[in-house]
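Undergrad: Numbering (my numbering), first residue to last: 63 to 200. The beta carbon of each residue, even a glycine, is placed where N, CA and C say it ideally should be.
1. List the endpoints of the continuous alpha helix (DSSP H) containing residue 76.
2. Give a yes or no on whether the C-beta atoms belonging to residue 111 and residue 137 are separated by under 9 Å.
3. Terminal residues of the continuous beta strand (DSSP E) containing residue 132?
4. Given residue 122, which residues of its chain have a CB within under 6 Å of its CB, disregarding the five upstream and five downstream residues?
5. Using the C-alpha atoms, what's the distance from residue 63 back to residue 132?
6. Could you check whether residue 159 and residue 87 sit closer than 9 Å to each other, using their CB atoms as the reference points?
7. Hey, would you say the C-beta of residue 101 is under 8 Å away from at least one heavy atom of the ligand SAM?
8. Nearest by alpha-carbon distance to residue 109: which of 134, 77, 147 and 66 is it?
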């Protein structure tokens with residue numbers, strides 16, 4: 063079964079924009095194939111403002127999110143695999159969703175073991191990659 067993450071990210075993005083809020087993505091920059099500007103990440107993570115007024119050529123599909131954005135006034139092309147999205151939320155009120163960290167696919171070409179026991183024991187989360195903290199606002 064395909065991941066529900068890209069579908070949820072697209073739905074929440076639309077909901078946030080429809081409510082005149084600013085969508086932000088929390089991204090794991092250590093995930094393979096992530097392409098973001100150097101020097102803007104902290105603790106292996108970066109927060110990206112993906113509001114329609116802040117980006118150009120935004121494309122969200124089941125594999126990745128890509129767009130053009132400016133960092134320090136310099137244009138960059140960004141590419142974020144769906145599995146690297148850790149959260150999407152509205153800047154104004156923090157409403158959104160945090161996602162579980164997906165295991166990184168092996169680089170040696172061998173298929174990944176999808177069993178929960180194997181993935182949690184074989185690739186423990188580094189201590190510095192703590193969960194983002196979002197609070198429910200009512």
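TA: Result, derived from the coordinates:
1. Element bounds for residue 76: 67-80.
2. Contact flag unset, no.
3. Judged by DSSP secondary structure, residue 132 falls within the beta strand (DSSP E) whose first and last residues are 126-133.
4. So the list reads 72, once near-sequence residues are dropped.
5. Taking the straight line from one Cα to the other gives about 36 Å.
6. Cβ distance not < 9 Å, so residue 87 and residue 159 don't count as in contact.
7. Absence of the ligand SAM from the depicted structure is noted, as is the absence of any ligand whatsoever, leaving it without description.
8. Selected option, being the one with the closest Cα: 147.
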